[in-house]
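A.B. asks:
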Amino acid sequence: AQSVTQPDIHITVSEGASLELRCNYSYGATPYLFWYVQSPGQGLQLLLKYFSGDTLVQGIKGFEAEFKRSQSSFNLRKPSVHWSDAAEYFCAVVQETSGSRLTFGEGTQLTVNP
Amino acid sequence: EPEVTQTPSHQVTQMGQEVILRCVPISNHLYFYWYRQILGQKVEFLVSFYNNEISEKSEIFDDQFSVERPDGSNFTLKIRSTKLEDSAMYFCASSGLDDEQFFGPGTRLTVL
Chain R
3 AQSVTQPDIH ITVSEGASLE LRCNYSYGAT PYLFWYVQSP GQGLQLLLKY
53 FSGDTLVQGI KGFEAEFKRS QSSFNLRKPS VHWSDAAEYF CAVVQETSGS
103 RLTFGEGTQL TVNP
Chain H
297 EPEVTQTPSH QVTQMGQEVI LRCVPISNHL YFYWYRQILG QKVEFLVSFY
347 NNEISEKSEI FDDQFSVERP DGSNFTLKIR STKLEDSAMY FCASSGLDDE
397 QFFGPGTRLT VL
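Protein sequences, first through last, are from chains R and H.
First residue of the first sequence? That's 3 in my numbering, and the numbers climb one at a time after it.
First residue of the second sequence? That's 297 in my numbering, and the numbers climb one at a time after it.
(1) Using the beta-carbon of each residue, which ones in chain H are nearer than 8 Å to residue 96 (chain R)?
(2) Give the interface partners of residue 78 (chain R) over in chain H, defined as CB-CB distance under 7 Å, in chain order.
(3) Return the chain-ordered list of same chain residues with a C-beta closer than 6 Å to the C-beta of residue 90 (chain R), the five sequence neighbours on each side being excluded.
(4) Per DSSP, which one or two residues make a beta bridge with residue 385 (chain H)?
(5) Near residue 65 (chain R), what residues of its chain come up, given a Cβ to Cβ distance below 8 Å and the 5 sequence neighbours on each side ignored?
(6) For the beta strand (DSSP E) that residue 271 (chain H) lies in, which residues bound it at each end?
(7) What are the residues in the region 39–50 of chain R lying within 8 Å of chain H by C-beta distance?
(8) Under the three-state reduction of DSSP, which class applies to residue 338 (chain H): helix, strand or coil?
(9) Is there contact between the region 324–344 of chain H and the region 387–398 of chain H, where contact requires at least three CB pairs shorter than 8 Å?
(10) Could you tell me the distance, in whole angstroms, from the CA atom of residue 328 (chain H) to the CA atom of residue 304 (chain H)?
(11) Return the residue from the list R:87, R:18, R:47, R:106 that minimises the CA-CA distance to residue 398 (chain H).
(12) When burial is assigned at 16 or more other CB atoms within 10 Å of the CB, is residue 67 (chain R) buried or exposed?
(13) Kindly examine the ligand NAP and report whether one of its heavy atoms sits closer than 7 Å to the Cβ of residue 311 (chain H).
(14) In three-state DSSP terms, what is residue 72 (chain R)?
(15) Quick test of your reading: residue 369 (chain H) and residue 405 (chain H), contact by CB under 8 Å. State the CB separation rounded to the nearest angstrom.
(16) With distances taken Cα to Cα, identify the nearest neighbour of residue 326 (chain H) among R:59, R:102, R:5, R:74.
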């Protein structure tokens with residue numbers, strides 16, 4: 003069964019600092035990979051996705067992620083964090099089949115210090 | 297931009313009561329999903345629905361749960377007899393053929 007691991011439960015960074023959130027997946031084939039963001043009391047907003055092709059994908063709000071097959075990782079990065087980026091971030095994977103379930107990681111709570 | 301909508305935003309019910317959570321998926325999408333998130337925990341898959349039938353369900357989705365697409369626009373989740381442990385945020389999602397799932401804002405269900 004596929005699984006997603008986000009090793010960092012909580013990360014604190016200063017505004018303007020760079021950010022990297024880690025995500026590892028366990029799946030036999032190349033999955034479809036996603037990062038979602040959830041602000042307090044809100045739904046899930048898609049930041050970016052990887053289906054195939056270029057392993058560095060750009061998303062909204064200045065985020066990017068890199069798929070590394072050899073490490074089974076899909077880490078999320080941002081060069082300069084803004085206070086409004088404080089939220090919970092979820093990595094997710096879906097099988098390469100239409101209509102398949104998303105499997106989410108445990109989430110990483112990001113705190114941004116002024 | 298098209299979006300998934302859900303009603304109500306917050307539902308409070310007594311244990312043992314039936315609840316129906318409603319969703320309007322994006323109009324040209326084919327696949328529909330329900331997920332839930334217990335407070336402080338990760339998002340968990342409940343069920344997926346395609347071509348008017350359940351295509352996949354998790355172990356959470358027992359006989360107390362059912363889904364329906366009663367017309368061309370709505371997608372509902374019914375919990376027949378709610379338990380305290382059903383208290384959670386319930387998210388509806390929909391997708392087309394490209395596997396990008398769009399989520400609604402959620403319904404917070406509180407079972408007393």
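Backbone N, C-alpha and C define an ideal beta-carbon position, used for all residues, glycine too.
No experiment lies behind these values; they were computed from the predicted model shown.
C.D. replies: Quick look at the numbers:
(1) Those within 8 Å of residue 96 (chain R) in chain H are 395, 397.
(2) Near residue 78 (chain R) there are no residues of chain H at all, since even the closest Cβ is about 16 Å away, more than 7 Å.
(3) 40, 109, 111
(4) Answer is H:333, H:404.
(5) 37, 49, 50, 78, 79, 80
(6) Because chain H spans 297 through 408 in this model, residue 271 (chain H) falls outside it and cannot be assessed.
(7) The region 39–50 of chain R vs chain H, Cβ under 8 Å: 44, 45, 46, 47, 48.
(8) coil
(9) yes
(10) 18 Å
(11) It is R:47.
(12) buried
(13) The ligand NAP is not part of the structure shown, which contains no ligands of any sort.
(14) helix
(15) In fact, because the Cβ distance is near 22 Å, the residues do not count as touching under 8 Å.
(16) R:102
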